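Numbering (my numbering), first residue to last: 7 to 262.
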């Protein structure tokens, strides 16, 4: 897949394709909900290799009403590729995105202060609303956290989503198109977009249109025939992330 695939190059899906993808997406939503009830048993907060200071670090942040179980496949793939993983669990489920970002920022600061994390190349992944959380947290940290090499938003409403009208909590208000939060955020981190990528799922039942996931000035990657949740299990996403990290960690066996 090219570094930045134009959306217009993807053919429209037929009715049968849409129905198949919708069924898959619904199944994955249900599976994600059931799985995350027992997430602590299966996906540890810190990967078993976390004390290996030679390895790069990835922070993963789930989205609205999600728990870390949604990252299970991606977590395992990156772990076996030679990456340390820190899996953040939002504590304030219905708080504003600003409050969640403040909490994640404190969490990230605490982890990176550990001796085994000093100077390690670091990457941030946020799915859906999690992408907004990591963007907001980094908006005041790009100059102080120089070890952060890249930030990825995955199926994130970078320009809002009309589906947020169906949500509850301050965070849902923040995700509405043209919300005060998004208008401020899209100015605050504008100067650092060269270190950001937006991965756009097509189709996406929660973002609705690719323009709402587009991040001006960042690298925008389109992955078609997937979905909002299905994206997280998508081999093309895993390959994209490994390729990006491999370029900045040439001595690691990423992608092996």
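In this text, a Cβ means the ideal position worked out from N, Cα and C, and glycines have one as well.
Quick caveat, the model's predicted, so the values are computed rather than measured.
Could you tell me the alpha carbon to alpha carbon distance between residue i and residue j, rounded to whole angstroms?
i	j	result
residue 43	residue 75	The predicted model places residue 43 with a pLDDT of 43, which falls under 50 and marks its position as unreliable; any figure quoted below should be read in that light. The straight-line gap from Cα to Cα measures roughly 8 Å.
residue 238	residue 80	7 Å
residue 190	residue 196	10 Å
residue 93	residue 230	26 Å
residue 117	residue 62	13 Å
residue 85	residue 174	34 Å
residue 82	residue 159	19 Å
residue 78	residue 161	17 Å
residue 89	residue 243	16 Å
residue 246	residue 70	24 Å
residue 217	residue 182	14 Å
residue 193	residue 102	18 Å
residue 253	residue 226	18 Å
residue 241	residue 87	14 Å
residue 120	residue 59	10 Å
residue 232	residue 199	25 Å
residue 184	residue 212	17 Å
residue 171	residue 236	23 Å
residue 49	residue 228	28 Å
residue 68	residue 54	20 Å
residue 153	residue 146	14 Å
residue 180	residue 151	25 Å
Considering Cα atoms alone, identify which of the options is closest to residue i.
i	options	result
residue 205	49, 132, 94, 211	132
residue 135	190, 234, 150, 123	234
residue 202	169, 148, 186	148
residue 66	179, 232, 55, 95	95
residue 72	152, 248, 97	97
Taking 8 Å as the cut-off, decide whether the C-beta atoms of residue i and residue j are in contact.
i	j	result
residue 91	residue 64	yes
residue 177	residue 114	no
residue 169	residue 214	yes
residue 187	residue 104	yes
residue 122	residue 57	yes
residue 248	residue 156	no
Identify every residue that forms a DSSP beta bridge with residue i.
i	result
residue 205	160, 227
residue 147	Per DSSP, none; premise fails for residue 147.
residue 129	64, 156
residue 91	64
residue 52	92
*asked:* Check whether the region 135–147 and the region 109–121 are in contact - that is, three or more C-beta pairs closer than 8 Å.
replied: yes
*Does the count of Cβ pairs from the region 158–171 and the region 216–229 closer than 8 Å reach three?*
yes
*Any chance the region 198–215 sits against the region 118–129, with 3 or more Cβ pairs inside 8 Å?*
no
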